[in-house]
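The letter at position 537 of the sequence shown is residue 540 when you use the working numbering, and the numbering goes up by one with no holes. All residues carry an ideal CB built from backbone N, CA and C; glycine is no exception. For clarity, every value in this text was computed on a predicted model and none was experimentally measured.
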Amino acid sequence: MTSAASAGWEAAFEVMRSNYALSDDSIGVFALNLRFGLDDIRAIVSEAITGGGDDKKCDVIYVDKEREIAVLAQCYLARTYKDSAPSNKASDLNTAIAWLLTQPLDILPDGLKGRADELRSAISAGEVKQFYIWYVHNLPGSENVIKELQAVEQSARSALNTYNYGSDIAIFAQEVCRIELERLYNQAERTVIVTDVIETMIPAAVEVAGSEWSSIMTTVKGEWLNQLYHKYKTDLFSANLRGYLGSRDSDSNINNGIKTTALAEPGNFYVYNNGITALVLDYKIGKRGRNGQKLTITGLSIVNGAQTTGSLSSISQTMDPSLQVAMRFVKASKEVLVENVVRYNNSQNKLQAADFRSTDAIQDRLRTEFDSIPDADYEGGRRGGASDAIKRSKFTLPSYTVGQSLAAFHGDPVTAYDKKSELWTNEKNYRRIFTDRTTARHIVFCYSLLDAINKRKIELVQKQKSDLESMTNVEKSALEFLSKKGASFLLVHVIAQCMETVLGRSIANKSDLHFSKNISPDKAEELWYPIVDVILPLSSHLENAFSRNRISNETVEKTVPGFVGIIASIANLQKENFDKFAAEVKS
């Protein structure tokens with residue numbers, strides 16, 4: 004799109020679209036990726052972008068129970084520059100909220116039932132703490148859209164209040180316009196986006212330094228933090244993915260507790276509160292005088308203490324001057340050190356599950372083995388900082404998706420779909436899929452199957468949106484199946500269960516399966532397509548594997564054996580396809 008000014012995010016978005024051949028709605032996934040630093044673009048696109056038919060104004064629906072977030076988005080990608088995006092699409096989010104949260108599940112379109120049930124279940128279980136409602140587009144923001152989104156936020160609050168734990172959820176209805184996309188892009192590129200020179204008076208300070216960092220510990224006035232927040236808003240928390248959750252009037256809500264303490268016992272706030280840690284680009288301490296010392300900092304990003312800062316900012320009356328907050332300012336010279344300061348200081352941003360295995364001997368071995376796999380980068384539990392959200396190579400095999408593909412292939416599609424973190428944190432689950440026999444080439448074998456299925460789904464969604472009339476009944480049925488929650492992992496599972504039929508030989512241990520040639524995941528994907536295209540059209544026979552449009556252990560166990568029998572019965576009809584694939588596989 005030609006505009007008055009170019010933006011860095013646009014180039015990054017076009018690279019993502021080109022790498023993964025994505026539709027216009029992928030601008031919503033791009034925003035998700037910038038905001039939350041997600042791992043696997045294709046898997047997220049397959050999971051989050053709805054079908055183009057009767058989607059009830061829900062372009063993107065994303066639920067992440069580990070991050071405790073849910074995102075609903077309307078997306079609009081303009082081909083030519085305009086002054087603003089159509090406000091009616093923001094208003095459409097009212098319709099989306101009504102269908103997702105208030106209508107009976109049985110009257111929802113099939114493509115939404117599983118997504119709505121997943122969202123409602125997560126809300127009722129207290130597994131969602133923040134609900135983002137976005138209108139994502141590539142045009143300037145407008146007052147009309149903001150007004151529409153304010154109404155949407157009220158609709159969402161009314162709907163959420165009918166659920167257990169719903170009233171505790173913070174709602175963020177936001178226009179993610181081109182300026183906001185640029186801000187998110189810059190935030191992903193730079194940990195500190197508030198780069199002003201800021202001054203304050205402090206009573207004293209203790210300075211500690213290492214070879215690549217220095218830090219001062221002091222106290223600051225609560226009023227100063229209040230002023231900072233009102234000037235910089237959430238940019239103050241650029242290194243803190245969760246930011247400020249809001250101060251709701253609930254005895255169990257920690258943020259309201261901070262506010263209550265500040266008002267009732269300001270003189271004791273210092274000893275009651277954990278304090279704040281902030282990254283700075285530079286700092287300078289002036290000489291001590293009768294009124295203390297002047298602290299001059301350049302750049303500021305709070306990595307621990309966003310809730311303290313935000314809660315203090317919600318106090319409207321003049322703050323008691325006795326309210327002091329412990330604060331540590333950290334200056335680090337290397338990016339990796341900055342990333343670790345963010346990671347280890349921020350108790351709100353828990354370590355991602357895969358981090359717990361990053362130093363495991365098996366992961367070390369697999370990373371070494373992947374050095375010899377063409378066009379493949381394996382993280383093995385290691386995660387970078389926020390900038391990896393936009394710098395990650397298209398050849399990267401994200402840790403979570405690798406774990407999910409292995410779990411589904413080796414008999415546990417439900418955990419792969421619903422409890423991906425437990426594949427890394429639960430010792431039994433982890434040791435079942437990552438064994439001494441697990442090799443890089445076996446990972447390529449499993450991962451490329453899941454990726455091939457996800458790519459087929461994306462192609463069908465795009466065809467439905469762009470050329471619905473040309474879709475065959477078989478394609479419509481396949482998309483209906485793949486739109487159910489957990490369907491991709493179920494298909495990986497059933498194909499794995501059919502491997503002896505497909506290969507025409509017994510398999511002593513499925514962990515030994517790999518392609519004969521040392522090929523890239525993309526090349527491996529091409530080998531899987533004929534198998535996927537044989538089995539996917541028969542997916543209607545897997546209907547009973549779903550309960551409320553989601554897979555469960557009980558329904559999968561009852562349904563899959565019969566499906567394996569169906570594939571065995573057509574083996575002779577598919578002999579050419581099966582034999583050709585078998586010639587490419589070793590066990």
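Subject >> Residue nearest to T311 in terms of C-alpha spacing, selected from A51, M322, D525 and V328 >> reply: Here residue 311 is taken as the residue at index 308 of the sequence shown, counted from 1. Out of A51, M322, D525 and V328, V328 has the C-alpha closest to the C-alpha of T311.
Original post:
Given 8 Å as the limit, is there contact between the region 142–157 and the region 105–121, that is, 3 or more CB pairs closer than that?
Top reply: no
**OP:** Identify, in the order they occur along the chain, each residue of the same chain with its Cβ nearer than 7 Å to the Cβ of E425, setting aside the five sequence neighbours on each side.
**Re:** If you number the sequence shown from 1, residue 425 lands on position 422. T418 and N432.
Subject >> Local Cβ density within 10 Å of S402, reported as buried at 16 or more and exposed below that >> reply: Taking the first residue of the sequence shown as 1, we reach residue 402 at position 399. It counts as buried.
Subject >> Sequence-distant residues of the same chain with beta carbon closer than 6 Å to D515, five excluded per side >> reply: Residue mapping note: residue 515 aligns to position 512 of the sequence shown, counting from 1. So the list reads S590, once near-sequence residues are dropped.
Original post:
L248: buried (16+ other C-beta within 10 angstroms of its C-beta) or exposed?
Top reply: As a first step, residue 248 is located in the sequence shown; it is residue number 245 there, counting from the start. With a pLDDT of only 47 at L248, under the threshold of 50, the placement of this residue in the model should not be trusted; the figure read from the coordinates follows. Classification for L248: buried.
Original post:
For N457, which residues from the same chain have a beta carbon less than 7 Å from its beta carbon, with the 5 sequence-adjacent residues on both sides left out?
Top reply: For the purposes of this step, residue 457 is identified with residue 454 of the sequence shown, where counting begins at 1. Cβ within range, chain order: R45, A46, S49 and S491.
Original post:
Could you give the uninterrupted runs of the alpha helix (DSSP H) lying entirely in the region 85–167, keeping only those of 4 residues or more?
Top reply: 90–104, 113–127 and 146–163
Original post:
Start and end of the beta strand (DSSP E) containing S26?
Top reply: Counting from one through the sequence shown, the residue named residue 26 turns up at place 23. It is not in any beta strand (DSSP E) - S26 carries neither H nor E in the DSSP assignment.
Original post:
Are the Cβ atoms of T301 and A242 separated by less than 7 Å?
Top reply: On the sequence shown, position 298 is the one that residue 301 refers to. On the sequence shown, position 239 is the one that residue 242 refers to. Taking 7 Å as the Cβ cut-off, T301 and A242 do not qualify as a contacting pair.
Subject >> Whether A364 touches S523 by CB criterion (7 Å) >> reply: Stepping through the sequence shown from its first residue, residue 364 is reached at position 361. Stepping through the sequence shown from its first residue, residue 523 is reached at position 520. Against a cut-off of 7 Å, the Cβ pair of S523 and A364 comes out as no contact.
**OP:** Return yes when the Cβ of V283 is within less than 7 Å of the Cβ of L303, no when it is not.
**Re:** The count along the sequence shown starts at 1 and reaches residue 303 at position 300. The count along the sequence shown starts at 1 and reaches residue 283 at position 280. Yes, these two residues count as a Cβ contact at 7 Å.
**OP:** Could you tell me which of S319, Y381 and D525 sits nearest to N22, measuring between CA atoms?
**Re:** Counted from its first residue, the sequence shown places residue 22 at position 19. Ranking the options by Cα distance to N22, first place goes to D525.
**OP:** Under 6 Å Cβ to Cβ from S390, same chain only, skipping five residues before and after it: list those, please.
**Re:** Counting from 1 along the sequence shown, the entry for residue 390 is found at position 387. Since pLDDT at S390 reaches only 49, below the 50 mark, its modelled position is unreliable, and no value is offered.
Original post:
Considering only C-alpha positions, which residue in the set K132, E226 and K290 is nearest to N1?
Top reply: This structure does not reach residue 1, given that the chain is present from 4 up to 590, and the question cannot be answered.
Subject >> Opening and closing residue of the beta strand (DSSP E) in which F332 lies >> reply: One-based indexing of the sequence shown puts residue 332 at position 329. Its beta strand (DSSP E) spans residues Q327 to A335.
**OP:** For A574, collect the residues of the same chain with a Cβ closer than 6 Å to its Cβ; drop the 5 residues on either side in sequence, then sort them by chain order.
**Re:** Along the sequence shown, one-based indexing puts residue 574 at 571. Cβ within range, chain order: T504.
Subject >> Close beta carbons around Q177, own chain, < 8 Å, minus the five adjacent residues each side >> reply: Position 174 of the sequence shown, counted from the first residue, corresponds to residue 177. Answer for Q177: Y135, I136, W137, Y138, L152 and E183, listed in chain order.
Original post:
Between which two residues does the beta strand (DSSP E) containing N512 stretch?
Top reply: Residue 512 sits at position 509 when you count from the first residue of the sequence shown. Unbroken run through N512: none, as it is neither H nor E.
Original post:
Using the C-alpha atoms, what's the distance from L228 back to S316?
Top reply: Within the sequence shown, the letter at position 313 stands for residue 316. Within the sequence shown, the letter at position 225 stands for residue 228. Whole-angstrom Cα-Cα distance: 7 Å.
Original post:
Excluding the five sequence neighbours on either side, which residues of its own chain have a C-beta within less than 7 Å of the C-beta of F437, listed in chain order?
Top reply: The residue given as residue 437 occupies position 434 in the sequence shown. Result list for F437: I365, in chain order.
Subject >> Residue environment, G270, which counts as buried when at least 16 other CB atoms sit within 10 Å >> reply: Numbered from its first residue, the sequence shown carries residue 270 at position 267. Burial call: exposed.
Original post:
Excluding the five sequence neighbours on either side, which residues of its own chain have a C-beta within less than 6 Å of the C-beta of S90, listed in chain order?
Top reply: For the purposes of this step, residue 90 is identified with residue 87 of the sequence shown, where counting begins at 1. Excluding positions up to five away in sequence, the list reads N147, V148 and E151.
Subject >> Short Cβ contact (7 Å threshold) for G538 with G489 >> reply: To locate residue 538, count along the sequence shown from 1; it is residue 535. To locate residue 489, count along the sequence shown from 1; it is residue 486. It is Ile, not Gly, that sits at residue 538 in the sequence shown. No, the pair does not count as a contact, with Cβ atoms beyond the cut-off.
Original post:
Between K262, A281 and K60, which lies nearest to Y275 when the distance is taken from Cα to Cα?
Top reply: For the purposes of this step, residue 275 is taken as residue 272 along the sequence shown, with counting starting at 1. Per the Cα distances, K262.
**OP:** Evaluate T404 with the Cβ neighbour count: other Cβ atoms within 10 Å of its Cβ, from every protein chain shown; 16 or more gives buried, anything less gives exposed.
**Re:** Position 401 of the sequence shown, counting from 1, holds the residue named residue 404. That one is buried.
Subject >> Backbone CA spacing between E17 and L340 [nearest angstrom] >> reply: Translated into the one-based positions of the sequence shown, residue 17 becomes position 14. Translated into the one-based positions of the sequence shown, residue 340 becomes position 337. About 31 Å.
Subject >> 3 or more residues per run - each beta strand (DSSP E) lying fully within the region 446–513 >> reply: none
Original post:
In the structure shown, what three-state DSSP assignment does V317 receive?
Top reply: Stepping through the sequence shown from its first residue, residue 317 is reached at position 314. One detail in the question is off: residue 317 reads as Ser in this sequence, not Val. Three-state result, S317: coil.
Original post:
Is A76 closer than 7 Å to L58 when the C-beta atoms are compared?
Top reply: Locating residue 58 in the sequence shown gives position 55, counting from the first residue. Locating residue 76 in the sequence shown gives position 73, counting from the first residue. The sequence shown places Asp at residue 58, rather than the Leu named in the question. Taking 7 Å as the Cβ cut-off, D58 and A76 do not qualify as a contacting pair.
**OP:** Please go through the same chain and pick out, in chain order, the residues whose beta-carbon is closer than 7 Å to the beta-carbon of E372, but skip the five residues on each side of it.
**Re:** To locate residue 372, count along the sequence shown from 1; it is residue 369. Only T442 and A443 meet the Cβ criterion.
Subject >> Inter-residue Cα distance where the pair is L142 and C180 >> reply: Counting from one through the sequence shown, the residue named residue 142 turns up at place 139. Counting from one through the sequence shown, the residue named residue 180 turns up at place 177. Rounded to the nearest angstrom, the two C-alpha atoms are 6 Å apart.
Original post:
Run through DSSP, which three-state label would Q77 get?
Top reply: Here residue 77 is taken as the residue at index 74 of the sequence shown, counted from 1. Strand.
Subject >> Cβ shell of S255 (< 6 Å), same chain only, five flanking positions each side left out >> reply: In the sequence shown, counting from the first residue as 1, residue 255 sits at position 252. In this prediction, S255 has a pLDDT of 40, which is less than 50 and means its spatial position is unreliable; nothing more can be read from the coordinates.
**OP:** Report yes if the CB atom of I534 is closer than 7 Å to the CB atom of F584, and no otherwise.
**Re:** Numbered from 1 along the sequence shown, position 531 holds the residue referred to as residue 534. Numbered from 1 along the sequence shown, position 581 holds the residue referred to as residue 584. Against a cut-off of 7 Å, the Cβ pair of F584 and I534 comes out as a contact.
Original post:
Exposed or buried, which one is E560 when buried takes at least 16 other CB atoms within 10 Å?
Top reply: Residue numbering aside, residue 560 sits at position 557 when the sequence shown is read from its first letter. Its Cβ having fewer than 16 others within 10 Å, E560 is exposed.
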